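**Q** So the sequences go chain by chain: E, P and B.
In this text, residue positions in the first sequence follow the working numbering: the first is 9, and each later residue adds one.
In this text, residue positions in the second sequence follow the working numbering: the first is 1085, and each later residue adds one.
In this text, residue positions in the third sequence follow the working numbering: the first is 2, and each later residue adds one.
Glycine is no exception: its CB is placed at the ideal position from the N, C-alpha and C atoms.
Predicted, not measured: the structure shown is a model, and the values here were computed from it.
Quick one: structure below, then a few questions.
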Amino acid sequence: MNEIETIQQANTAYEAGVQKAAARFPERKKMFTTGSNAPVNTLYTPLDTKDINYVEKIGFPGEYPYTRGVQNTMYRGRLWTMRQYAGFSTAEESNKRYKFLLDQGTTGLSVAFDLPTQIGYDSDHALSQGEVGKVGVAIDSLADMEILFDGIPLDKVSTSMTINAPASVLLAMYIAVAEKQGVKPEQLNGTIQNDILKEYVARGTYIFPPEPSMRLITDIFAYCSKDVPNWNTISISGYHIREAGSTASQEVAFTLADGIAYVDAAIKAGLSVDDFAPRLSFFFNSHNDLFEEVAKFRAARRVWASIMKNRFKASNPKSLMLRFHTQTGGSTLTAQQPDNNIVRVAIQTLAAVLGGTQSLHTNSKDEALALPTEASVRIALRTQQIVAYESGATETIDPLAGSYYVESMTDRIEKEALEYIARIDSMGGAVKAIERGYVQQEIQDAAYSYQMDIESGERVVVGMNKFQIKEAPPTGLLKVDPIVGEQQSQKLRELRAKRDNAAVKNSLVTLEKAAQGNDNLMPLILDAVRCYATLGEICDILRGIFGEYQQKVIL
Amino acid sequence: MSERMALNILDNPRHLARLITMIERQDPARIEVLKALHDKTGKAHVVGITGPPGSGKSTLTDKIIGELRNRGRRVAVVAIDPSSPFTGGAILGDRIRMMRHATDEGVFIRSLASRGHLGGLSRAAAETVRALDAAAYDTVIIETVGVGQSEIDIVRCADTVVLVAVPGLGDDIQAIKAGVMEIGDIFCVNKADRDGAERVVRETRAMMETAIMNGANTRFSGLYKAVYEHTVQQARLRGENVQEDPHGGALRIPPVLLTIAEQGEGVSVLVDEILAHHAMLSDTEWLLKHRHENTMWELRNAVADNLLGWLDNANAHSQLANAAEAVLHKDTDYYQALAQVQEGIIAAGLRLVSD
Amino acid sequence: MEQKIRVLVAKPGLDGHDRGAKVVARAFRDAGMEVIYTGLRQTPEQIVNAALQEDVDVVAMSILSGAHNHLFPRVMELLREKNMDDVLVIGGGVIPDEDIPGLKAAGIAEIFTPGTATGTTIEFIKNNLKRKA
């Protein structure tokens, strides 16, 4: 009898024992499932992993298929970037928060913009009313951006900007601020999210229809590959897909399907894959089911490496590496007993780290209630630091590899993701699948069944549908002064009065002409930004040429 | 009260909305209001838009509203969605594509759920159309999903029916076949940027041509003959020469158009055709002929509904129960029982409530 | 035909988070209601006109962006202008407790914060309709 047969025999005996025990003391539940509702067995053994070819499927860190991580030494070389997403109110206020975060030991900035900025409206636009400075900082022009990064040397920090539809404009502003600091574009490090496809399905800050949006994105790829070579030109995001209610497998599948669409678009625009693919980055969510999340990150790396190698024939190893930022799961936080959120975030942090993330944002305990206060942001950051320095999780690479459970789950997620990607391919790719509403429908179905499981009590959320207590309303939440909207409008009036309006007009007319053709728009947007054309003015010009996206809703 | 409401709906959309709610519930109080409005009806051009789910009807309707508004017409829309047979609830999803018109005072949009029985719905839909007509909307669009028999009944009250197909749904050609001869006045292949759009157009045309050659009784052939005669007559009156059609217009087929609703492409032409169809109806008095048929149909259905309603009440129930028992006990045969029940019903004095 | 509760589920403002609104819309449907969903980025004017034409019994709005103090009261104001005082208006989203009294004073009947079961909201609607369904 070989080893596997011996185990098989023992396992059969064990299962008989389980049945007997269960007859006397029934198990707690009929079905055991992961956080994403996938079935979980009583026990995982070598029988579950016997078919996995170690070298081909798991391999070594820094080597194809990168299941165990994208660098050879991982956290033994350098810890992940601790990057807290922040921004609210005015550029002045946010600048203060960034300096606070840098003082506290964050190693990268992450800019949150308010909704008008994200949707390309100036603060004095009718639709901006009530929204200015609320979910992020209000940026109307280069003048605001100069204040935002005042006293922060852009050659020393790496900056991530959560900006999508108008990503070119904000990147241009960042480059222009750097110029004023005497920093050259090639010295800049950072990321723009620039992922429009997930805006259509999950996040909602779209402006233009898919086709011109994809053009803006590939324009950025092309521009940065020459002029801003260290910039991550896109952060292909599963985070919001998961927040919208998807399962872990869907998060991987839909994110990578979007990634395929971007690579296709760039190749169609005439770029060669190894010129831009090394600057593609990803962004995932980290939820509470530790093992499933770790498996998800590992599966995502493996699937992407194979797609880039086999489908797109990339040859630069950097093109094959799925590098990703992680944010802990906002939708897992409860408004009830918010202190419990600290514990959730700690588990999620561990999952991200065991999953090999390159950078991490940890949510603050009060984010189901409002924007986080400084005190709660500090705890969130300390959580990362405790995992980094005290937990031991960083001392060796991919410590959960070889776990029968984690390896078999990594395989399951890979398989499910590949099935979804094949289905999306058969519809003509991610853009078509989104236009049809297929991706949205799949996410919504998962979201609805998750909610129903909570309401039936099948899924327990501590403090929310079980272990509730009577609580006093939380105090000391951060409030954005509604006066911000008025302040920004005032700044805009002053700006429009003192800038060279003829130069602005010229730059916009040039941009408008170019938008009708095929030239790269990045340099022209940069010109417009330099003479203080506002974000809204630039986006209005593009709206005029590109039109606006109409949301596809299937309920 | 109802008189006042009837007057009010002309200038207050809230009253119009309320009246439609009454119609939706088949509230008997609606009847007085609709009676009072009767003289104001008959002016609107009623357009039916129907097609399978996913054909982009709502987006198309949205663009048609925009185009008709550009041409100065006031537009109302009745958008019908099915209710869930299990819960009775419904998500009325068409309006979402038309939200940009929400603040336009020349546009009124109302979503109706099928609420279980489509028979009742076609009555409610027809009454809703009359209410909107009375409220002086120039065009009333009635949008339904699918091309099944029930939907056909609903759009029957339309003067002009646009049938929407889309390439790539697989069975859409079948769907068109089922409804094509019976209800379509204009055929629209939406999402024309998809593969196979031209093929759907060709097949639709071929299908209609074959049907005409085979002498099928289509909705449009009679109209086209009348239009031809009208044109010839008009030309003669003006002393002009006409190019003679040996078939007298009988071989003409309805327009089959390509649209990409998302981008508004082809919508202007579609609206031209919708208005041209209305003009043809008006010129030839087919409008009246058409509406006469529809009214007959509506009356027939109302009578049938009322009869059924009456049968289902307790009075008929006992007669039916007795007859069934007699059949089962072999006291009588089935046909004799049927005759007896019918006689009994008539003898009972067939008095139906008008509702 | 029977009478149904008609609800307009609306997303005022620029907030793009519609998971909650869509889950709630489905739950309302499954509770036998007729639901009209507006989609994203609606102005108060659009919401109120849709509510009027659809003659809904309930307007249910969701905002997670923090713009509720501006947008919810504006919707109430417009409803009042159109004499639509008999429409039950409820709100949901990331709304701090301290803002709730002000929103209620503006006429919002109830505010549902994160973690509320859809069943709770449905019960509330059934028990608080302002006009007979």
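(1) Would you please verify whether the beta carbon of K5(B) is less than 8 Å from any beta carbon of chain P?
(2) Around the C-beta of F1271(P), are 16 or more other C-beta atoms found within 10 angstroms, so that it is buried, or is it exposed?
(3) Contact check, D163(E) vs Q137(E) under 8 Å by CB: the rounded distance?
(4) According to DSSP, is E403(E) part of a helix, a strand, or is it coil?
(5) So that I know if they touch, is there some Cβ in chain P lying closer than 8 Å to that of V561(E)?
(6) Spatial neighbours of L179(E) within its chain, please: CB distance less than 6 Å, with the 5 preceding and 5 following residues excluded, ordered by chain position.
(7) Count the other CB atoms within 10 Å of the CB of R309(E); is the residue buried (16 or more) or exposed (fewer)?
(8) CB-CB under 7 Å to E1357(P), same chain, minus the five flanking residues each way: which ones, in chain order?
(9) Counting only runs that start and end within the region 1087-1164 of chain P, where is the beta strand (DSSP E) found for 3 or more residues in a row?
(10) Give me the residue from I315(E), K107(E), E300(E) and L341(E) with the minimum Cα distance to L358(E).
(11) Kindly identify the DSSP beta-bridge partner or partners of C1272(P).
(12) Cβ of Y540(E) within 8 Å of Cβ of S149(E)?
(13) Count the other CB atoms within 10 Å of the CB of R287(E); is the residue buried (16 or more) or exposed (fewer)?
(14) Say whether chain B places a C-beta atom closer than 8 Å to the C-beta of G1173(P).
(15) Assign D1439(P) to one of two classes, buried (16 or more other C-beta atoms within 10 Å of its C-beta) or exposed (fewer than that).
(16) Pull up the CB-CB distance for T121(B) and A28(B), whole angstroms please, since I reckon it's below 8 Å.
(17) Could you list which residues in chain B have their beta carbon closer than 9 Å to that of R1102(P), in chain order?
(18) Grab the span of the beta strand (DSSP E) containing R551(E) for me, first residue to last.
(19) Could you tell me which of K65(E), D235(E) and Q258(E) sits nearest to R1(E), measuring between CA atoms?
(20) Which same chain residues end up closer than 6 Å to G21(B) when comparing Cβ atoms and leaving out the 5 residues on each side of it in sequence?
(21) Determine the burial state of V1437(P): buried for a count of at least 16 other Cβ atoms within 10 Å of its Cβ, exposed for fewer.
(22) Along the chain, where does the alpha helix (DSSP H) that runs through R8(E) open and close?
(23) Rounded to whole angstroms, how far is the Cβ of T125(E) from the Cβ of A146(E), which I believe are closer than 8 Å?
(24) Kindly list, in the order they appear in chain A, the residues whose Cβ is closer than 8 Å to that of M1183(P).
(25) E1346(P) versus chain E: which residues are under 9 Å apart at the beta carbon?
(26) Bridge partners of S294(E), per DSSP?
(27) Identify whether F167(B) lies in helix, strand or coil by the three-state DSSP scheme.
(28) Pick out whichever of I160(E), K192(E) and N202(E) has its Cα sitting closest to the Cα of A173(E).
(29) Chain E partners of I1180(P), CB-CB under 7 Å?
(30) By DSSP, does H1401(P) sit in helix, in strand, or in coil?
(31) Using a Cβ-Cβ cutoff of 9 Å, what residues of the region 66-92 of chain B are near chain E? List them in chain order.
(32) In terms of DSSP beta bridges, what is N473(E) paired with?
(33) Just verifying my parser: in three-state terms, what is the DSSP assignment at Q189(E)?
(34) Please name the residue in D152(E), Y22(E) and G77(E) whose C-alpha comes closest to that of T50(E).
(35) Counting along the chain, where does the alpha helix (DSSP H) carrying H248(E) start and finish?
(36) Which residues of chain B have a Cβ atom closer than 7 Å to the Cβ of V488(E), listed in chain order?
**A** Taking the coordinates as given:
(1) Numbered from 1 along the third sequence, position 4 holds the residue referred to as residue 5(B). Judged by the 8 Å Cβ criterion, K5(B) is in contact with chain P.
(2) Taking the second sequence and counting its residues from 1, the one referred to as residue 1271(P) is at position 187. With 16 or more other Cβ atoms within 10 Å, it is buried.
(3) Looking up residue 163(E) in the first sequence gives position 155. Looking up residue 137(E) in the first sequence gives position 129. Not really, about 38 Å apart at Cβ, beyond 8 Å.
(4) Stepping through the first sequence from its first residue, residue 403(E) is reached at position 395. Correct three-state label for E403(E): coil.
(5) Indexing the first sequence from 1 puts residue 561(E) at position 553. Taking Cβ atoms only, chain P reaches closer than 8 Å to V561(E), which makes this a yes.
(6) Counted from its first residue, the first sequence places residue 179(E) at position 171. Taken in chain order, the residues that qualify are I200.
(7) For this step, residue 309(E) is matched to residue 301 along the first sequence. So R309(E) ends up on the buried side.
(8) To locate residue 1357(P), count along the second sequence from 1; it is residue 273. For E1357(P), same chain residues with a beta-carbon under 7 Å away, outside a window of 5 residues either side, are I1270, P1339 and L1341 in chain order.
(9) 1129-1135
(10) Your numbering for residue 358(E) matches position 350 in the first sequence. Of the candidates I315(E), K107(E), E300(E) and L341(E), the one whose C-alpha sits nearest the C-alpha of L358(E) is E300(E).
(11) Within the second sequence, residue 1272(P) is the residue found at index 188, counting from 1. In the DSSP assignment, C1272(P) forms a beta bridge with V1248(P) and L1341(P).
(12) If you number the first sequence from 1, residue 540(E) lands on position 532. If you number the first sequence from 1, residue 149(E) lands on position 141. Yes; because the gap between Cβ atoms is below 8 Å, this pair is in contact.
(13) Position 279 of the first sequence holds residue 287(E). It counts as buried.
(14) If you number the second sequence from 1, residue 1173(P) lands on position 89. By this cut-off, G1173(P) is an interface position.
(15) Counting from 1 along the second sequence, the entry for residue 1439(P) is found at position 355. A caution first: D1439(P) carries a pLDDT of 43, below 50, which makes its placement in the model unreliable, though a value can still be read off. So D1439(P) counts as exposed.
(16) Position 120 of the third sequence holds residue 121(B). Position 27 of the third sequence holds residue 28(B). With a Cβ gap of about 10 Å, T121(B) and A28(B) do not count as contacting.
(17) The sequence position of residue 1102(P) within the second sequence is 18, counting from 1. Within 9 Å Cβ-Cβ: D56.
(18) Within the first sequence, numbered from 1, the residue matching residue 551(E) stands at position 543. No beta strand (DSSP E) contains R551(E), which is instead part of the alpha helix (DSSP H) from L543 to F554.
(19) Summary: the structure shown does not reach residue 1(E), with chain E confined to residues 9 through 563, and so no result is reported for it.
(20) Here residue 21(B) refers to the residue found at position 20 of the third sequence. Same-chain partners within the cutoff: S63.
(21) Looking up residue 1437(P) in the second sequence gives position 353. Only weak support exists for where V1437(P) lies, its pLDDT of 47 falling under 50; the coordinates are left without a value.
(22) Shown here, chain E extends from 9 to 563; a query on residue 8(E) therefore has no answer.
(23) Here residue 125(E) is taken as the residue at index 117 of the first sequence, counted from 1. Here residue 146(E) is taken as the residue at index 138 of the first sequence, counted from 1. Right, the Cβ-Cβ distance comes to about 6 Å (below 8 Å), so this counts as a contact.
(24) Structure shown: chain A not included; protein chains present are E, P and B.
(25) On the second sequence, residue 1346(P) is found 262 positions in, with the first residue counted as 1. What E1346(P) touches in chain E: P217, E443 and Q558.
(26) If you number the first sequence from 1, residue 294(E) lands on position 286. BP columns for S294(E) point to T336(E).
(27) With chain B covering 2 to 134 only, the question about residue 167(B) has no answer from this structure.
(28) In the first sequence, residue 173(E) corresponds to position 165, counting from 1. When only C-alpha atoms are compared, the closest one is N202(E).
(29) Indexing the second sequence from 1 puts residue 1180(P) at position 96. At a beta-carbon threshold of 7 Å, the residues of chain E lying near I1180(P) are V561, ordered along the chain.
(30) On the second sequence, residue 1401(P) is found 317 positions in, with the first residue counted as 1. Residue state, collapsed to three classes: helix.
(31) S66, G67, A68, H69, N70, H71, L72 and R75
(32) Here residue 473(E) refers to the residue found at position 465 when the first sequence is read from its first residue. BP columns for N473(E) are empty, so no partner.
(33) Position 181 of the first sequence, counted from the first residue, corresponds to residue 189(E). Here Q189(E) sits in helix by DSSP.
(34) Counted from its first residue, the first sequence places residue 50(E) at position 42. That would be Y22(E), whose Cα lies nearest to the Cα of T50(E).
(35) For the purposes of this step, residue 248(E) is identified with residue 240 of the first sequence, where counting begins at 1. Residues Y247 to E251.
(36) Residue 488(E) sits at position 480 when you count from the first residue of the first sequence. Per Cβ cutoff of 7 Å: G67.
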